[in-house]
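Chemist: Under my numbering, the first residue of the sequence shown is numbered 270, with each subsequent residue one higher. Even for Gly, the Cβ is constructed at its ideal location relative to N, Cα and C. Predicted model only: the values in this text are computed from it and were never measured. Okay, handing you the structure first.
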Amino acid sequence: MTAAPIENIRNFAIVAHIDHGKSTLADRLIQLTGGLTEREMVGREQVLDSMDIERERGITIKAQTVRLAYRARDGKDYVLNLIDTPGHVDFAYEVNRSLAACEGSLLVVDASQGVEAQTLANVYQALDNNHEVVPVLNKVDLPAAEPDKVKQQIEDVIGLDASDAILISAKTGENVPEVLEAIVTRLPPPKGDRDAPLKALLVDSWYDLYLGVVVLVRIVDGTLRKDQRIRMIQTDASYEVDRVGVFTPKLTAAEQLGPGEIGFLTASIKEVADTRVGDTITDDRKPCAEPLPGFRPAIPVVFCGLFPVDAANFEDLRAAMGKLRLNDASFTYEMETSAALGFGFRCGFLGLLHLEIIQERLAREFDLDLIATAPSVIYKMVLTDGKEIEIHNPVDMPDVVKIKEIHEPWIEATVMTPDEYLGAVLKLCQDRRGVQKELTYIGNRALVKYELPLNEVVFDFYDRLKSVSKGYASFDYHLTDYREADLVKMQMLVNAEPVDALSMLVHKTRAEARGRAMAEKLKELIPPHMFQIPIQAAIGGKVIARETVRAFRKDVTAKCYGGDVTRKRKLLEKQKEGKKRMRQFGKVDIPQEAFIAALKVDV
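Encoded structure:
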């Protein structure tokens, strides 16, 4: 496969809100350009969504790339490098790095749903990367489609000229050839100098069992060839290239990659950690003068502990986490121990969906049974001696007398909702200590901007938002700053033993309500034992809520037929003593569902 002339290359990403049809449009483009034959496409919807979870949930988790050959109506042969990006807010970092490798974007908007919160977030990212954006209205075959109204929305909300937006149905293939023509006529070709020293952007990397680490690169200047000695500027490591190629979407070897091209290289790299996303790759003997700007590393915002149900599986969990980390650089973990749960790991995620996906992958791909602790965010604490510390786990919180100030992370949230649900959405944000910043209308949809504490969002805010808006509201957020807050550490005591997996930092005003709700939930979920079990929520030494799981009761007086009442009393007293002794030495088994359900408690 020979390198294409730079003026005939088009690098573009498909960006949109969740479920607006990005992956289906990618399928149609692959089909039309002959990337896969009709036979290979049969029974394979969402070709680029390769993970089982992606297919089941109908979401894209990893950005995927494919090279397509297209002969335009002007008779010229073009090379199109397509990157299909995720739509969910938790995977925004995937979108960010995909956009850095392209010059243009197709903005896909559902003609029946209109502009959503994530549409806005992704299109702004594309504009920040100086992209040429082509609006595409999908699902025009639906009876509810209102293309003219949605075009007006794109102009009003985003400020893009939508008069020449392309109306398509990715599902039926209607008008999709027009999209290919728009890509070659309306998107700019990349710039680059073939004779300059090699300068390439490391876009992504993952682990392949047969090839080792596969590195996705975008060549900016120079050429990349097999057997060339390359250097990673950030890590200062050098490697010899084993193979170079492109995805068509099958892995296809190439002689070399020239400026503007997107492809892959393998170089016997053992660890994905050695290939930092955003790094600059250059020639070892003739390096480029200065590195590319790269992009911000993914910073975890939600932390939780993952523990094996069976302590004997700890080593299996360690191995599984190492393998997952190879394919997902944004997932972090470190070892921790818990009195109630034994050995496990403290893991960092980009959001709750990311947490759920990792948990599901550990269960499916590695057959592990896990318990997850309450999700928490990073708190910054200023101690009385002036030292600043970061706390990922409420259990590690120092003594209250040593703490001068606690700062918690805040986010700016953008919520778009049909106006009939606006009242319920505002009440939800208000209840979560939100501060309203902005409220505007676009047709019959309201766009609300709120400042919210992140720890009020990580539990179940997204689920509650979908519930109060019957699924119509969309939500996007980004971290803004840390602010001082009146937070307290709340512990759950079961049979007077603290359950550290359920410890959490809560706002003083919400502590009692949350403690009571969790105690009630645990009462329903912990099965009765032979002895009475008190469940308490406590802040320091003060109990703020209590529930009791009643004991199984055997009728010890069943054999007493008549006779003196003292006989019955004696048996009952003896039973009471036995239960008291049992409670001192008895172990309470808390089922795994109880942990999960207690954490989803809605206050």
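(1) Could you give the C-beta distance for V384 and Q422, rounded to a whole number, given that I count them as a contact under 8 Å?
(2) For the alpha helix (DSSP H) that K696 lies in, which residues bound it at each end?
(3) For K811, tell me which candidate among V335, E842, V768, Q760 has the shortest Cα-Cα distance.
(4) If we count the other Cβ atoms within 10 Å of its Cβ and call it buried at 16 or more, is R710 buried or exposed?
(5) With a cut-off of 8 Å, do at least 3 Cβ pairs link the region 718–729 to the region 765–772?
(6) Under the three-state reduction of DSSP, which class applies to G611: helix, strand or coil?
(7) Going by beta-carbon coordinates alone, are T551 and P466 separated by less than 8 Å?
(8) If I measure Cβ to Cβ from A395 and keep anything under 8 Å in the same chain, skipping five residues before and after, which residues do I get?
(9) Closer than 7 Å by C-beta to P416: which residues in its own chain qualify, once you throw out the five before and the five after it? Chain order, please.
(10) Please find out if some non-hydrogen atom of the ligand SAM comes closer than 7 Å to the beta-carbon of L349.
(11) Leaving out five residues on either side along the sequence, give the residues of the same chain with a beta carbon under 6 Å from the beta carbon of K777.
(12) I need the straight-line Cα distance from P457 to V489, nearest angstrom please.
(13) Counting only the same chain and skipping the five closest in sequence on each side, list residues whose C-beta sits under 6 Å from that of F576.
(14) Under 8 Å, with one C-beta from each stretch per pair, do the region 736–745 and the region 789–799 reach the 3-pair mark?
(15) Determine the burial state of I568: buried for a count of at least 16 other Cβ atoms within 10 Å of its Cβ, exposed for fewer.
(16) Please list the segments of the beta strand (DSSP E) lying wholly inside the region 644–689, counting only runs of 3 or more residues, in order along the chain.
(17) What is the C-beta distance between N662 and E605, in whole angstroms, given that I count them as a contact (C-beta under 8 Å)?
(18) Answer yes or no: do D473 and P528 have a C-beta to C-beta separation smaller than 8 Å?
(19) Who are the near neighbours of F635 in its chain, counting only those whose CB is closer than 6 Å to its CB and skipping five residues on each side?
(20) I'd like the ranges of any beta strand (DSSP E) spanning at least 3 consecutive residues and lying wholly in the region 387–432.
(21) What separation, rounded to the nearest whole angstrom, lies between the Cα atoms of N713 and P687?
(22) Across which residues does DSSP place L337 in a beta bridge pair?
(23) What's the gap between the Cα of D433 and the Cα of R455?
(24) Would A506 and R487 be called neighbours here (beta carbons separated by less than 8 Å)?
(25) If we call anything under 8 Å between Cβ atoms a contact, is P678 one with I658?
(26) So V726 is in the alpha helix (DSSP H); what residue range does that whole segment cover?
(27) With R554 and Q503 assumed to form a contact (beta carbons below 8 Å), what rounded beta-carbon distance in angstroms separates them?
(28) Taking L389 as the reference, give the member of C371, A414, L351, G428 with the closest Cα.
(29) V651 and E674 - do their beta-carbons sit closer together than 8 Å?
(30) Pull up the distance between the alpha-carbon of K656 and that of V670, whole angstroms please.
(31) Ignore the nearest five residues each way along the sequence and tell me which others in A814's own chain have a CB closer than 6 Å to its CB.
(32) Tell me whether the beta-carbon of L697 lies closer than 8 Å to the beta-carbon of R733.
(33) For L411, collect the residues of the same chain with a Cβ closer than 6 Å to its Cβ; drop the 5 residues on either side in sequence, then sort them by chain order.
(34) Across which residues does DSSP place V775 in a beta bridge pair?
(35) Less than 8 Å between the beta carbons of Y347 and N280, yes or no?
Modeler: On the basis of the supplied data:
(1) 5 Å
(2) 691–700
(3) Q760
(4) Note that residue 710 corresponds to Tyr in the displayed sequence, not to Arg. Answer is exposed; the Cβ neighbour count stays below 16.
(5) no
(6) In this structure, G611 counts as strand in the three-state DSSP scheme.
(7) yes
(8) Counting only Cβ-Cβ distances below 8 Å, and skipping sequence neighbours, we find A282, V284, L368, S374, L376, V402.
(9) A380, L406, V409, L436
(10) As presented, the structure is devoid of all ligands, the ligand SAM included, so that no description of it is given.
(11) D755, V757
(12) 15 Å
(13) L610, G613, I640
(14) no
(15) exposed
(16) Whole beta strand (DSSP E) segments, 3+ residues: 648–652, 657–660, 672–687.
(17) 7 Å
(18) no
(19) A589
(20) 401–407
(21) 6 Å
(22) L349
(23) Spanning the two alpha carbons is a distance of roughly 11 Å.
(24) no
(25) Their beta carbons are not under 8 Å apart, which means P678 does not touch I658 by this criterion.
(26) 723–726
(27) The Cβ separation is near 19 Å, so there is no contact.
(28) G428
(29) Yes, the pair counts as a contact, with Cβ atoms nearer than the cut-off.
(30) 14 Å
(31) G784, R785, A788, A806
(32) yes
(33) S381
(34) V757
(35) no
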